[in-house]
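Novice: After the structure tokens below, expect a handful of questions from me.
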Amino acid sequence: MRIINCGLMLGILAACSGQAHADDNVTTEIHSLKAKLKELQQRVDSEARKTRQGEAQAKAVQLPASYKALAADPCAAGKVCYKGVTLTFGGWVDLTGV
5 MRIINCGLML
15 GILAACSGQA
25 HADDNVTTEI
35 HSLKAKLKEL
45 QQRVDSEARK
55 TRQGEAQAKA
65 VQLPASYKAL
75 AADPCAAGKV
85 CYKGVTLTFG
95 GWVDLTGV
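If you read the sequence shown in my numbering, its first letter stands for residue 5, the second for the next number, and so on.
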């Protein structure tokens, strides 16, 4: 009976120490993941800050007075324009005889 009690006590002790070791591994892994998360958050914040600075600089850039915006295309979609002549096709065009 005594052998069984000692064996049982040793088994319980081994199981508890294994659980404590597993808990320690989980705790270490959680701390490691939290540190990585904090590092990634700082990196994202840094990139966002750089992006905002770039956008602010782009808005602050003044265009030269000689700059002209491109004129809108006078030829609408579905039309063909060539040297001031606008062709509007309405349906099917047969160019087999050309």
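Even glycine gets a Cβ: it sits at the ideal position worked out from N, Cα and C.
Values in this document were obtained by computation on a predicted structure and should not be read as measured data.
Tell me which same chain residues have a C-beta within less than 6 Å of the C-beta of V84, skipping the five on either side of it?
Specialist: Cβ neighbours of V84 beyond the five flanking positions: L91.
Novice: So what does C79 bridge to, in DSSP terms?
Specialist: According to DSSP, C79 bridges with nothing at all.
Novice: Which partner residues does V84 have in the DSSP bridge list?
Specialist: BP columns for V84 point to L91.
Novice: Can you tell me whether Q66 is helix, strand or coil according to DSSP?
Specialist: DSSP places Q66 in coil when its eight states are reduced to three.
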